[in-house]
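Chemist:
Numbering (this note's numbering), first residue to last: 35 to 371.
Here it is as structure tokens:
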């Protein structure tokens with residue numbers, strides 16, 4: 035008899051056919067928007083902003099046709115014996131329905147930070163009625179509680195570890211759907227790095243974008259504070275924003291009414307090392323006619339900037355580049371990785 039992890043991959047993998055990638059073991063996090071490594075699985079990037087997700091409650095509330103099409107049909111009491119010790123395994127699994135399955139997806143695929151040739155997690159299938167728990171000295175296995183109606187079963191997955199301090203969470207993610215950029219459709223327009231001068235308007239006609247840089251001082255007593263909804267150039271600056279006395283502000287305003295105005299803040303006083311480059315997506319959308327993702331990204335770098343003792347600007351040397359991208363995405367089949 036093979037290992038439980040091997041049985042899990044083989045059983046769920048055959049059901050999911052080629053549309054889903056099965057991790058080496060069930061995971062209690064969805065990792066939507068993370069890159070996928072063939073060797074390491076989900077790879078997190080701490081600099082990527084949180085992605086809004088949505089959940090379909092379960093396959094019980096979706097049509098039976100969808101369940102058959104995806105091949106994901108496991109069925110609680112229907113396929114699990116009284117003890118259910120073998121996990122999710124039965125010859126008739128493909129023709130049954132699994133209760134308590136959640137389909138987790140991003141609210142918008144345009145929010146995923148796609149880069150060429152990298153695979154990204156766009157969907158996670160989660161068994162809501164399962165629990166991942168790590169106990170000392172246990173081997174990896176899945177125990178299913180049977181005798182209850184579809185969608186009301188419970189389960190406990192124990193993963194071998196060194197103690198009880200491991201991750202514990204409700205629900206197991208058993209399969210992922212991956213997408214990547216279709217390179218045949220990828221188009222990119224780069225403005226190149228342009229100099230930004232203080233208090234002067236810089237225009238990017240092709241990008242429909244105006245940029246203006248300024249020094250903003252904060253007066254003690256709250257008479258002059260920082261604008262709201264700033265995007266700080268680094269996490270440390272964000273954490274110390276209340277102690278900031280002066281900040282360099284890069285204001286972005288678009289002539290496209292669909293795009294919001296943004297302000298990027300860099301610490302002017304006190305200064306914070308390694309906090310003077312910002313790169314990020316400032317706009318993204320999906321064109322419903324072409325299914326293309328349209329995205330606008332900027333990179334702002336302040337090479338040299340100083341303020342005087344009276345908090346007046348004495349040096350300011352900065353560059354900004356604007357990149358417009360458009361592309362379709364394609365499904366990554368499990369047989370391709």
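Quick reminder that beta carbons are idealized off the backbone N, C-alpha and C, glycines included.
Computed from a predicted structure; not experimentally measured.
#1: Can you list, in chain order, the residues of its chain whose CB lies under 6 Å from that of residue 295, leaving out five sequence neighbours each side?
#2: Taking the alpha carbon of residue 323 as the reference point, which residue from 332, 289, 348, 361 has its own alpha carbon closest?
#3: Here's the rule I'm using: 16 or more other beta-carbon atoms within 10 Å means buried, otherwise exposed. How should residue 73 be labelled?
#4: With a threshold of 6 Å on Cβ separation, who are the neighbours of residue 346 within its own chain once the five nearest residues in sequence on each side are excluded?
#5: Have a look at residue 290 and residue 242 and give me their C-alpha separation to the nearest angstrom.
#6: Less than 9 Å between the C-beta atoms of residue 69 and residue 230, yes or no?
#7: Helix, strand or coil: how does DSSP classify residue 143 here?
#8: Taking all protein chains shown into account, do 16 or more other C-beta atoms lie within 10 angstroms of the C-beta of residue 337, making it buried, or fewer, making it exposed?
#9: Can residue 228 and residue 355 be called in contact, C-beta distance under 9 Å?
#10: With a 10 Å radius around its C-beta and 16 neighbouring C-beta atoms as the bar for buried, classify residue 71 as buried or exposed.
#11: Assign residue 240 to one of two classes, buried (16 or more other C-beta atoms within 10 Å of its C-beta) or exposed (fewer than that).
#12: Using beta-carbon positions only, say whether residue 246 and residue 233 come within less than 9 Å of one another.
#13: Under 6 Å Cβ to Cβ from residue 374, same chain only, skipping five residues before and after it: list those, please.
#14: Can you tell me whether residue 217 is helix, strand or coil according to DSSP?
#15: Let me confirm a value: residue 214 is counted as buried when at least 16 other C-beta atoms fall within 10 Å, else exposed. Which label applies?
#16: I need the DSSP call for residue 240, collapsed to helix, strand or coil.
#17: Beta-carbon within less than 6 Å of residue 320's beta-carbon, same chain only, minus the 5 sequence neighbours each way: which residues are those?
#18: Does the beta-carbon distance from residue 237 to residue 285 come in below 9 Å?
#19: Could you give the residue range of the alpha helix (DSSP H) that holds residue 272?
#20: Return the first residue and the last residue of the beta strand (DSSP E) that residue 330 is part of.
#21: If you run the structure through DSSP and keep just helix, strand and coil, what is residue 160?
#22: Sort 156, 267, 225 by Cα distance to residue 81 and report the nearest one.
#23: In three-state DSSP terms, what is residue 225?
#24: If we ignore side chains and look at the alpha-carbon of each, how far apart do residue 226 and residue 53 end up?
#25: May I ask you to report which of helix, strand or coil DSSP gives residue 348?
#26: Using a threshold of 9 Å, state whether the C-beta atoms of residue 363 and residue 156 are closer than that.
Modeler: From the atom records:
#1: Taking the first residue of the chain shown as 1, we reach residue 295 at position 261. Answer for residue 295: 287, listed in chain order.
#2: As a working note, residue 323 is residue 289 in the chain shown. With distances taken between Cα atoms, residue 323 lies closest to 361.
#3: Residue 73 sits at position 39 when you count from the first residue of the chain shown. By the neighbour-count rule (16 or more Cβ atoms within 10 Å), residue 73 is not buried but exposed.
#4: On the chain shown, residue 346 is found 312 positions in, with the first residue counted as 1. Excluding positions up to five away in sequence, the list is empty.
#5: As a working note, residue 290 is residue 256 in the chain shown. As a working note, residue 242 is residue 208 in the chain shown. Taking the straight line joining both Cα atoms gives about 7 Å.
#6: Here the question's residue 69 lines up with position 35 in the chain shown. Here the question's residue 230 lines up with position 196 in the chain shown. Contact flag unset, no.
#7: Counting from one through the chain shown, the residue named residue 143 turns up at place 109. Helix at residue 143.
#8: Stepping through the chain shown from its first residue, residue 337 is reached at position 303. Counting Cβ neighbours within 10 Å, residue 337 comes out exposed, since fewer than 16 surround it.
#9: Within the chain shown, the letter at position 194 stands for residue 228. Within the chain shown, the letter at position 321 stands for residue 355. Contact: yes.
#10: Residue 71 sits at position 37 when you count from the first residue of the chain shown. When all chains shown are included, residue 71 counts as exposed.
#11: Within the chain shown, residue 240 is the residue found at index 206, counting from 1. Exposed: under 16 other Cβ atoms inside 10 Å.
#12: Mapped onto the chain shown, residue 246 falls at position 212. Mapped onto the chain shown, residue 233 falls at position 199. It is a contact, given that the beta carbons lie within the stated cut-off.
#13: This structure leaves residue 374 out entirely; the chain is present only between 35 and 371.
#14: As a working mapping, residue 217 is identified with position 183 in the chain shown. Reduced to three states, the DSSP call for residue 217 is helix.
#15: Position 180 of the chain shown, counted from the first residue, corresponds to residue 214. With 16 or more other Cβ atoms within 10 Å, it is buried.
#16: Taking the first residue of the chain shown as 1, we reach residue 240 at position 206. Coil.
#17: Within the chain shown, the letter at position 286 stands for residue 320. The answer, listed in chain order, is 144, 327.
#18: As a working note, residue 237 is residue 203 in the chain shown. As a working note, residue 285 is residue 251 in the chain shown. Taking 9 Å as the Cβ cut-off, residue 237 and residue 285 do not qualify as a contacting pair.
#19: By one-based count along the chain shown, residue 272 stands at place 238. Segment 269 to 273, the alpha helix (DSSP H) holding residue 272.
#20: Translated into positions along the chain shown, residue 330 becomes position 296. Where residue 330 is concerned, the enclosing beta strand (DSSP E) stretches over 327 to 341.
#21: Sequence index remark: in the chain shown, residue 160 carries index 126 (1-based). Note: residue 160 maps to strand in three-state DSSP.
#22: As a working note, residue 81 is residue 47 in the chain shown. Considering only alpha carbons, the answer is 267.
#23: As a working note, residue 225 is residue 191 in the chain shown. The three-state reading of DSSP puts residue 225 in coil, since its state is none of H, G, I, E or B.
#24: Within the chain shown, residue 226 is the residue found at index 192, counting from 1. Within the chain shown, residue 53 is the residue found at index 19, counting from 1. Cα-Cα distance, rounded: 39 Å.
#25: For the purposes of this step, residue 348 is identified with residue 314 of the chain shown, where counting begins at 1. Three-state DSSP puts residue 348 in a strand.
#26: As a position in the chain shown, residue 363 is number 329, starting the count at 1. As a position in the chain shown, residue 156 is number 122, starting the count at 1. Contact flag set, yes.
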